[in-house]
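One structure is given below, encoded as structure tokens.
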Amino acid sequence: MKHLLDFQGWTRAEVESLLDTARVMAEVLERPVKKVPALQGFTVATVFFEPSTRTRLSFELAARRMSADVVSFAAATSSLQKGESYKDTLLTLEAMGVDAYVIRADAAGVPHQATRWVRGAVINGGDGRRAHPTQALLDAYTLLEALGGLEGKKIAIVGDILHSRVARSNAELLPLLGAEVWGAGPPALLPQSLPGVRLTPRLDEALAEADAVMVLRLQKERMEAGLVNLEDYIAHYQVTEARLKKAKPEAPLLHPGPMNRDVELEGTLADSARSLVNRQVHNGVAVRMAVLYHLLVGRER
Amino acid sequence: MGDILIKNVMLVDALGERGLADVLIGEGRILSLEGGEAQRVIEGKGRFLAPGFLDLHAHLREPGQEVKEDLATGLRAAVRGGYTDLVSMPNTNPPVDTPEAVRALRKKAQALGLARLHPAAALTQGQEGKTLTEAGLLKEAGAPLLTDDGHTNEDAGVLAAGLLGAAAFGLPVAVHAEDASLRRGGVMNDGPLADLLGLPGNPPEAEAARVARDLEVLRYALRRAQARPHLHVQHLSTKRALELVREAKRAGLPVTAEATPHHLTLTEEALRSFDPLFKVAPPLRTGEDVEALIEGLLDGTLDAIATDHAPHTQAEKEMDLLRAPFGIPSLEVAFPLLYTELYRKRGFPLKRLVELFTDGPRKVLGLPPLHLEVGAEASLVLLDPKEHPVDPKAFASKARFSPWAGWILEGWPVLTLVEGRIVHEALE
Ligand SMILES: [Zn+2]
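Residue numbers (numbering that gives the first Met the number 0), protein chains in the order written: chain A, 0 to 300; chain B, 0 to 427.
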């Protein structure tokens with residue numbers, strides 16, 4: 000693989016090989032000295048046109064754990080409107096000798112555009128509603144840890160599917176690993192269709208016998224745009240202890256964060272043993288190490 | 000003695016393919032189709048001659064955004080595309096909403112001596128959709144139609160009054176038919192592909208809903224007006240909206256419509272590249288819509304092919320899909336594109352294609368037909384069937400990018416004459 004933009008065109012074998020590498024990286028992270036020289040001499044840039052401290056730190060830590068040099072660039076999207084363009088920014092970094100770019104943007108497709116401008120490897124760090132492939136990989140990794148395997152497992156994704164890059168990436172990745180993916184949310188927050196996902200406005204249907212439940216963040220803007228009514232959402236789509244009885248006993252809960260407690264998810268559930276939220280964050284570093292390793296080692300420079 | 004003699008050239012106009020002729024041009028007119036003495040002789044060599052094209056819909060960006068395009072580059076692009084006449088849209092900065100602004104543009108264009116400019120004026124002051132402009136005075140200043148293109152006319156009452164006012168002076172009112180509240184932030188055709196790509200969709204229903212409303216407004220204006228109103232629907236892009244126009248025409252409503260080169264040759268699939276080059280309003284639609292539009296060209300539902308030439312800077316088009324501006328520049332490729340894609344590849348009748356660039360748009364503006372006859376005004380274009388790739392770097396337009404870059408096309412304009420005067424020459 001040359002870039003990681005989304006999972007279009009990926010095979011199961013490629014994903015499994017990446018997750019195998021992530022397991023090796025996870026072992027590295029258990030050692031007293033959590034560092035290997037695998038990427039010595041490589042430079043990784045985190046280029047964040049949309050702020051996200053958590054994702055940026057996770058990528059930077061992943062790069063440093065493998066001895067890569069790290070530079071980071073953050074721009075307010077407002078400054079993009081007038082001054083420097085994406086292309087200028089990336090070409091500047093290219094001139095400084097960057098080998099891999101982790102790009103985050105509020106608009107779908109910016110990492111795809113970037114591959115036309117730079118020679119280095121491009122990793123999608125989240126682009127608009129399109130994709131957040133490393134989040135999906137860490138979700139898959141976490142699910143595999145918890146469930147042992149994904150073949151035939153029913154995964155319910157709940158909330159604002161329409162505007163979610165996490166949902167789109169999971170919708171591509173989890174079926175590739177054999178999972179049956181359901182998406183549930185209010186009709187105004189559901190896409191017309193998503194390949195590989197069974198969409199329903201009925202939460203109970205998605206939760207029934209689910210092996211795991213992934214809860215998405217509800218954005219305030221959706222309410223302001225008149226797409227949902229908050230009280231109605233809480234009444235019908237909040238994942239609660241009671242509703243979760245439809246799912247398999249002990250079915251774990253995932254959330255890409257940051258969480259609105261008592262909006263999309265009942266607060267007590269967020270802190271319960273079922274919640275894998277911290278495990279997701281922990282696994283994120285190992286997964287991102289694996290991605291950088293796959294993209295950079297053996298790459299023509 | 001004439002000025003120019005074009006020998007052994009095939010004639011084609013809205014009346015049909017009319018065989019070989021030796022066209023003698025002088026005093027700004029066609030003097031003879033059977034040859035004669037001339038100062039300059041041009042060998043036809045398998046090329047064909049058509050009346051000069053008229054574009055109903057071009058954005059030339061002057062005044063205010065000359066960095067994107069100005070009259071000189073825009074009108075040079077026009078003559079390179081075979082256009083002898085062009086209607087510029089008023090959504091400049093400031094908008095063209097006064098007789099003085101129309102006169103100033105015409106005067107400046109005349110001095111350039113390229114294509115003839117017909118500056119459309121805004122239907123409402125500042126294109127704000129609230130207060131009507133002065134239709135009669137705008138007509139006297141030379142505005143060929145009124146439109147708030149670039150903005151959608153949300154207030155139906157204002158549109159109705161605009162149609163009534165324009166009718167008194169024989170001016171068409173052209174509409175950008177898109178329901179803004181249904182479109183919201185849409186940047187591509189709404190549907191499964193937009194869902195997959197995670198891009199906000201602009202539903203085809205936003206166009207159909209607005210066309211349906213505007214046709215009812217037209218019905219109202221027709222019932223109220225003493226003079227006959229004329230609604231012109233710009234850049235139709237959907238099958239459903241086209242059907243609505245077809246039904247309205249059958250019912251005898253005074254409505255005309257246009258389609259653009261991009262909506263006739265590209266689909267939403269182009270957005271898979273996430274390249275803002277393909278970002279346009281209304282958006283590129285599905286293959287089914289494209290087929291419906293081509294059907295509409297054939298059966299007369301569509302009266303004209305209009306470019307919606309919309310130049311932007313390269314940097315703007317290298318933004319992301321949410322921020323990049325809408326629009327595709329196409330004056331220089333429109334004819335060869337459709338000649339190749341419709342006539343050569345699909346057997347679309349050449350006569351009808353030429354009509355859609357000449358008499359079709361002329362009729363929308365109430366101009367008489369222009370045919371290749373002795374005595375006719377010598378505003379002509381010589382077209383070469385030889386293949387050439389689209390090379391945006393060679394564009395006269397300031398917008399040197401194109402969704403058709405590298406496409407191999409035939410039918411390039413190699414000579415354009417305005418009233419017998421050569422305004423573009425690329426003879427080999
Ligand atoms: Zn328009």
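Positions of the beta carbon are idealized from the N, C-alpha and C atoms, including for glycine.
Relative to chain A, which residues along the segment 190–215 of chain B have a C-beta separation below 9 Å, given in chain order?
Here the close residues are Gly190, Pro191, Ala193, Asp194, Leu195, Leu196, Gly197, Leu198, Pro199, Gly200.
Using 7 Å as the cut-off, classify the Cβ of Asp307/B as near or not near the heavy atoms of ligand 1, replying yes or no.
Within the second sequence, the letter at position 308 stands for residue 307/B. Under cutoff, so the answer is yes.
Between which two residues does the beta strand (DSSP E) holding Gln38/B run?
Residue mapping note: residue 38/B aligns to position 39 of the second sequence, counting from 1. Start and end: 37–42.
Nearest chain B C-beta to Pro320/A closer than 8 Å, yes or no?
Because chain A spans 0 through 300 in this model, residue 320/A falls outside it and cannot be assessed.
So does Gln64/B have its beta carbon nearer than 7 Å to some heavy atom of ligand 1?
The residue labelled residue 64/B in the question sits at position 65 within the second sequence. Not under cutoff, so the answer is no.
I want to check one thing, is the minimum distance from the CB of Asp98/A to the heavy atoms of ligand 1 below 7 Å?
Taking the first sequence and counting its residues from 1, the one referred to as residue 98/A is at position 99. The answer is no for Asp98/A.
Ordered along the chain, which non-local residues of its own chain (more than five positions away) have a Cβ less than 6 Å from that of Val27/A?
To locate residue 27/A, count along the first sequence from 1; it is residue 28. So the list reads Val35, once near-sequence residues are dropped.
Compare the Cα-Cα distances from Leu158/B to each of Ala167/B, Phe168/B, Thr146/B, Lys362/B and report the closest residue.
In the second sequence, the residue the question calls residue 158/B occupies position 159. For the residues Ala167/B, Phe168/B, Thr146/B, Lys362/B, the minimum Cα distance to Leu158/B belongs to Thr146/B.
Does the distance from the C-beta atom of Ala20/B to that of Leu32/B stay below 8 Å?
Numbered from 1 along the second sequence, position 21 holds the residue referred to as residue 20/B. Numbered from 1 along the second sequence, position 33 holds the residue referred to as residue 32/B. Yes, they are a contact pair.
Let me check you understand the geometry: is the CB of Gly149/B closer than 7 Å to at least one non-hydrogen atom of ligand 1?
Numbered from 1 along the second sequence, position 150 holds the residue referred to as residue 149/B. Yes, since a heavy atom of ligand 1 falls inside the 7 Å radius drawn around the Cβ of Gly149/B.
Could you give the DSSP three-state label for Arg245/B: helix, strand or coil?
By one-based count along the second sequence, residue 245/B stands at place 246. Note: Arg245/B maps to helix in three-state DSSP.
Could you tell me whether the Cβ atoms of Phe394/B and Gly81/B are closer together than 8 Å?
For the purposes of this step, residue 394/B is identified with residue 395 of the second sequence, where counting begins at 1. For the purposes of this step, residue 81/B is identified with residue 82 of the second sequence, where counting begins at 1. Contact flag unset, no.
Within 10 angstroms of its Cβ, does Ser84/A collect 16 or more other Cβ (buried), or is it exposed?
For the purposes of this step, residue 84/A is taken as residue 85 along the first sequence, with counting starting at 1. Answer is buried; the Cβ neighbour count reaches 16.
Could you tell me which residues DSSP pairs with Lys219/A in its beta bridges?
The count along the first sequence starts at 1 and reaches residue 219/A at position 220. Lys219/A pairs with nothing; no bridge assigned.
Kindly indicate if chain A contains any beta-carbon less than 8 Å away from that of Leu428/B.
The structure shown does not extend to residue 428/B, since chain B is modelled only from 0 through 427, so no value can be given for it.
Give the interface partners of Gln191/A over in chain B, defined as CB-CB distance under 7 Å, in chain order.
On the first sequence, residue 191/A is found 192 positions in, with the first residue counted as 1. Correct list: Gly190, Pro191, Asp194.
Under 8 Å between C-beta atoms, does Gln112/A make it to chain B?
Counting from one through the first sequence, the residue named residue 112/A turns up at place 113. Yes, contact with chain B.
Could you tell me which chain A residues have their CB closer than 9 Å to the CB of Ala314/B, listed as they occur along the chain?
Sequence index remark: in the second sequence, residue 314/B carries index 315 (1-based). What Ala314/B touches in chain A: Ser84, Lys86, Asp87.
So which of Pro251/A, Ser274/A, Pro248/A has the shortest CA-CA distance to Met258/A?
Residue numbering aside, residue 258/A sits at position 259 when the first sequence is read from its first letter. With distances taken between Cα atoms, Met258/A lies closest to Ser274/A.
For Tyr338/B and Ala258/B, what's the separation of their Cα atoms in angstroms?
Position 339 of the second sequence, counted from the start, is the residue given in the question as residue 338/B. Position 259 of the second sequence, counted from the start, is the residue given in the question as residue 258/B. C-alpha separation (whole angstroms): 15 Å.
Bridge partners of Gly15/B, per DSSP?
Counted from its first residue, the second sequence places residue 15/B at position 16. Asp12/B, per the DSSP bridge assignment.
Determine, using beta carbons only, whether Ala205/A comes closer than 8 Å to chain B.
By 1-based counting over the first sequence, the position of residue 205/A is 206. Chain B, which has no Cβ nearer than 8 Å to the Cβ of Ala205/A, makes this no.
Applying a beta-carbon distance threshold of less than 8 Å, which residues of chain A neighbour Phe400/B?
Taking the second sequence and counting its residues from 1, one reaches residue 400/B at position 401. Residues of chain A passing the Cβ test: none, with the nearest at roughly 13 Å.
Relative to ligand 1, is the shortest distance from any of its heavy atoms to the C-beta of His234/B smaller than 7 Å?
By 1-based counting over the second sequence, the position of residue 234/B is 235. Flag set: Cβ of His234/B near ligand 1.
In three-state DSSP terms, what is Phe58/A?
Stepping through the first sequence from its first residue, residue 58/A is reached at position 59. In this structure, Phe58/A counts as helix in the three-state DSSP scheme.
Let me check one thing: in DSSP terms, what residues is His387/B bridge-paired to?
Locating residue 387/B in the second sequence gives position 388, counting from the first residue. Leu408/B.
Excluding the 5 residues flanking Glu424/B on each side, which residues of the same chain have their C-beta closer than 6 Å to its C-beta?
Working through the second sequence from its first residue, we reach residue 424/B at position 425. Here the set comprises Leu414.
Give the DSSP-derived three-state secondary structure of Ala134/B in the structure shown.
Within the second sequence, residue 134/B is the residue found at index 135, counting from 1. Of the three classes helix, strand and coil, the one that applies to Ala134/B here is helix, per DSSP.
According to DSSP, Gly1/B sits in a beta bridge with which residue or residues?
Residue numbering aside, residue 1/B sits at position 2 when the second sequence is read from its first letter. Answer is Ala37/B.
Any C-beta of chain A within less than 9 Å: which residues of the segment 337–358 of chain B qualify?
Under the 9 Å Cβ criterion, the segment 337–358 of chain B contributes no residue.
Locate the beta strand (DSSP E) running through Thr45/A, then write down its first and last residues.
What you label residue 45/A is simply residue 46 of the first sequence in a count that begins at 1. Where Thr45/A is concerned, the enclosing beta strand (DSSP E) stretches over 42–47.
Does Phe6/A come out as helix, strand or coil in the three-state DSSP assignment?
Counting from 1 along the first sequence, the entry for residue 6/A is found at position 7. Here Phe6/A sits in coil by DSSP.
Can you pull out the residues from the segment 96–123 of chain A whose beta carbon lies closer than 9 Å to at least one beta carbon of chain B?
Here the close residues are Ala104, Asp105, Ala106, Ala107, Gly108, Val109, Pro110, His111, Gln112, Arg115, Trp116.
Taking CB distances under 8 Å as the criterion, tell me whether Arg221/A reaches chain B.
Your numbering for residue 221/A matches position 222 in the first sequence. For Arg221/A, the answer is no, since every Cβ of chain B falls outside 8 Å of its Cβ.
Where does the unbroken beta strand (DSSP E) through Arg103/A begin, and where does it stop?
In the first sequence, residue 103/A corresponds to position 104, counting from 1. Here the beta strand (DSSP E) through Arg103/A covers 99–104.
Would you say the beta carbon of Ala280/B comes nearer than 7 Å to a heavy atom of ligand 1?
Residue mapping note: residue 280/B aligns to position 281 of the second sequence, counting from 1. Because some heavy atom of ligand 1 lies under 7 Å away, the Cβ of Ala280/B counts as near it: yes.
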